[in-house]
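Numbering (my numbering), first residue to last: 4 to 356. Note that beta-carbon positions come from the ideal geometry of N, C-alpha and C, so glycine has one too.
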Amino acid sequence: MQLIKRSMIAVLTLFMIASCSSVGYYFEAVNGHLSILAEQQAIKDILQEQDTTAELKSKLRLATQAREFASSEMKLPDNDSYRYYSDIKRPYVVWNVIATKPFSIEAKQWCFLVVGCVSYRGYFNKVDALNYAKSLQEKGYDVSVAGAQAYSTLGWLDDPLLSTMIQHNEARLVGLIIHELAHQQVYIDDDSSFNEAFASSVELEGVKRWFGRDAVALNSKSYQDYLVTRKRTLEFKQLLKVTQQNLDNLYNTESFKNAENKKTLKAAVFSELQKQYRVLKKSWQGYKAYDVWMKRDLNNAHLALVATYFDKVPAFQAIMRSVDNNIERYYDTVEEIGDLPEVERNNRLSTYQ
Numbered sequence: 004m005q006l007i008k009r010s011m012i013a014v015l016t017l018f019m020i021a022s023c024s025s026v027g028y029y030f031e032a033v034n035g036h037l038s039i040l041a042e043q044q045a046i047k048d049i050l051q052e053q054d055t056t057a058e059l060k061s062k063l064r065l066a067t068q069a070r071e072f073a074s075s076e077m078k079l080p081d082n083d084s085y086r087y088y089s090d091i092k093r094p095y096v097v098w099n100v101i102a103t104k105p106f107s108i109e110a111k112q113w114c115f116l117v118v119g120c121v122s123y124r125g126y127f128n129k130v131d132a133l134n135y136a137k138s139l140q141e142k143g144y145d146v147s148v149a150g151a152q153a154y155s156t157l158g159w160l161d162d163p164l165l166s167t168m169i170q171h172n173e174a175r176l177v178g179l180i181i182h183e184l185a186h187q188q189v190y191i192d193d194d195s196s197f198n199e200a201f202a203s204s205v206e207l208e209g210v211k212r213w214f215g216r217d218a219v220a221l222n223s224k225s226y227q228d229y230l231v232t233r234k235r236t237l238e239f240k241q242l243l244k245v246t247q248q249n250l251d252n253l254y255n256t257e258s259f260k261n262a263e264n265k266k267t268l269k270a271a272v273f274s275e276l277q278k279q280y281r282v283l284k285k286s287w288q289g290y291k292a293y294d295v296w297m298k299r300d301l302n303n304a305h306l307a308l309v310a311t312y313f314d315k316v317p318a319f320q321a322i323m324r325s326v327d328n329n330i331e332r333y334y335d336t337v338e339e340i341g342d343l344p345e346v347e348r349n350n351r352l353s354t355y356q
């Protein structure tokens, strides 16, 4: 109860200093977060309860070990985040609304207290997200609504382990905990691509170290499946990135700007994406993880965050190598780069290959 009271004070403070135009949104965010905290229990207590299923106990023990590993080995913040568990009884914790103009690949920006400006607007309630997306569509935007299984309060509050997180296998669960804690370690306002690439690099290194503790684990099916899935994800995202670049090239040609059949030309690019996806999938030996996503009525907004999550990861991995994989030196270097002005920051990152 004391934890909830402290959390309520923190989020209500943010709520009170919000602009009037944002009051409704912040109120929904406060309620959403507090509803999750109200359901949480200390993991150590759940493990002692006789009616806790064997499957849940197994997952919670794994999460506890991963949480300790994140602080001891990866030197991530040692706080109460992910030491409490909340069963939210839904497939996603938040639904993010992403929007672009109909003939642009640039995502609309939303600016918030604490986190700065980001390329999405999140809702704890799916209906609210869909209603907001509809209002943007009515204004002519391309819109996408994407569910997320975890989120971070960046260390302002202690984030609980969620039921949406523990449904994954060992590698993915360990990676999720490390990824979300990495956002507490380093976070740069108004630079989503920097933040996500950094967290992804820490996740990759962390999962590798987790399974690298012994040769058997390193060759385990869980880790090998993780690597294969990661490879296929990168291949798929690269396909989306190429499509995004093709759209950008199209939208910026003079002939397109003067064309009367803009929608037809745009549709042709997405048709080519479907064709190339079928080619790519043939190399995946029946892997169908992206089939449902590809069956959507795709638009610019579905592609808008591809670069945000993947473009800069190789640069961060190069920084890691440059400090001989010393994790504390890595954080210091990343923080130093993060403190630079945006143009200088990106130029510095571009020197790492």
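Let me confirm a value: A292 is counted as buried when at least 16 other C-beta atoms fall within 10 Å, else exposed. Which label applies? In the sequence shown, counting from the first residue as 1, residue 292 sits at position 289. It counts as exposed.
Rounded to whole angstroms, what's the CA-CA distance from P163 to V189? Just pull it up for me. For the purposes of this step, residue 163 is taken as the residue at position 160 of the sequence shown. For the purposes of this step, residue 189 is taken as the residue at position 186 of the sequence shown. In a straight line, the C-alpha of P163 is about 19 Å away from that of V189.
Can you say whether K315 is buried or exposed, counting buried as having 16 or more other CB atoms within 10 angstroms of its CB? Indexing the sequence shown from 1 puts residue 315 at position 312. By the neighbour-count rule (16 or more Cβ atoms within 10 Å), K315 is buried.
In this structure, how does DSSP classify Y290 when only helix, strand and coil are distinguished? Within the sequence shown, the letter at position 287 stands for residue 290. Y290 falls in the coil class under three-state DSSP.
Use the C-beta contact count for W296: other C-beta atoms within 10 angstroms, 16 or more gives buried, fewer gives exposed. Here the question's residue 296 lines up with position 293 in the sequence shown. When all chains shown are included, W296 counts as exposed.
Excluding five sequence neighbours on each side, which residues of the same chain lie with their C-beta closer than 8 Å to the C-beta of V309? As a working note, residue 309 is residue 306 in the sequence shown. Hits under 8 Å: K240, L243, K244, Q247.
Straight-line gap, Q140 to G150 (C-alpha atoms, nearest Å): Start at 1 with the first residue of the sequence shown, and residue 140 comes out as number 137. Start at 1 with the first residue of the sequence shown, and residue 150 comes out as number 147. Cα to Cα, the separation comes out at about 18 Å.
Alpha carbons only, please: which of A318, M77, T103 is nearest the one belonging to I181? Here residue 181 refers to the residue found at position 178 of the sequence shown. Ranking A318, M77, T103 by Cα distance to I181 puts M77 first.
Hey, how far is the Cα of G3 from the Cα of E173? One cannot answer for residue 3 here, as it falls past the ends of the chain, which runs 4 to 356.
What is the rounded straight-line gap between the Cα of R233 and the Cα of R64? Here residue 233 refers to the residue found at position 230 of the sequence shown. Here residue 64 refers to the residue found at position 61 of the sequence shown. Approximately 25 Å, taken between the alpha carbons.
Between E206 and the rest of its own chain, which residues show a CB-CB distance below 6 Å, the 5 nearest in sequence each way excluded? Residue mapping note: residue 206 aligns to position 203 of the sequence shown, counting from 1. Answer for E206: G178, I181, H182, listed in chain order.
Proximity below 9 Å, CB of F319 to CB of V337: Position 316 of the sequence shown, counting from 1, holds the residue named residue 319. Position 334 of the sequence shown, counting from 1, holds the residue named residue 337. Yes; because the gap between Cβ atoms is below 9 Å, this pair is in contact.
Under the rule that 16 or more other beta-carbon atoms within 10 Å means buried, what is D342, buried or exposed? Taking the sequence shown and counting its residues from 1, one reaches residue 342 at position 339. Classification of D342: exposed, given that the 10 Å Cβ count is below 16.
Determine the burial state of E208: buried for a count of at least 16 other Cβ atoms within 10 Å of its Cβ, exposed for fewer. Translated into positions along the sequence shown, residue 208 becomes position 205. Buried, by the Cβ-count rule.
Which complete alpha helix (DSSP H) runs does the stretch 84-159 hold, if anything under 4 residues is left out? 129-140
Just reading off the alpha helix (DSSP H) that T55 is part of, what are its end residues? One-based indexing of the sequence shown puts residue 55 at position 52. Premise fails: T55 is in no alpha helix (DSSP H) and is neither H nor E.
Assuming E206 is part of the alpha helix (DSSP H), what are its boundary residues? Your numbering for residue 206 matches position 203 in the sequence shown. Unbroken alpha helix (DSSP H) run through E206: 195-214.
L268 - partner residues in DSSP beta bridges: For the purposes of this step, residue 268 is taken as the residue at position 265 of the sequence shown. L268 pairs with nothing; no bridge assigned.
Comparing alpha-carbon positions, which option in A102, F72, M168, S147 lies nearest Y88? Here the question's residue 88 lines up with position 85 in the sequence shown. It is M168 whose Cα lies nearest to the Cα of Y88.
If contact is defined by three or more beta carbon pairs under 8 Å, each pair taking one atom from either stretch, is the stretch 104-116 in contact with the stretch 50-70? no
What would DSSP say about A45, mapped onto helix, strand or coil? Here residue 45 refers to the residue found at position 42 when the sequence shown is read from its first residue. If DSSP states are grouped into helix, strand and coil, A45 belongs with the strands.
For S204, which residues in the same chain have their Cβ closer than 7 Å to its Cβ, ignoring the five residues on either side in sequence? To locate residue 204, count along the sequence shown from 1; it is residue 201. Once the five neighbours on either side are set aside, the close Cβ partners of S204 are V316, F319, Q320, M323.
Compute the Euclidean distance between the alpha carbons of I358 and S258, then round it to the nearest angstrom. Past the boundaries of the shown model lies residue 358; the chain is included only from 4 to 356, so the question cannot be answered.
M168 lies in the alpha helix (DSSP H); which residues open and close that run? Taking the sequence shown and counting its residues from 1, one reaches residue 168 at position 165. Run containing M168: none; DSSP gives neither H nor E here.
How about V97 and A136: are their beta carbons less than 9 Å apart? Taking the first residue of the sequence shown as 1, we reach residue 97 at position 94. Taking the first residue of the sequence shown as 1, we reach residue 136 at position 133. No. Outside cutoff.
Would you decide whether N264 is buried or exposed? Buried here means 16 or more other CB atoms lie within 10 Å of its CB. Counted from its first residue, the sequence shown places residue 264 at position 261. N264 should be labelled exposed.
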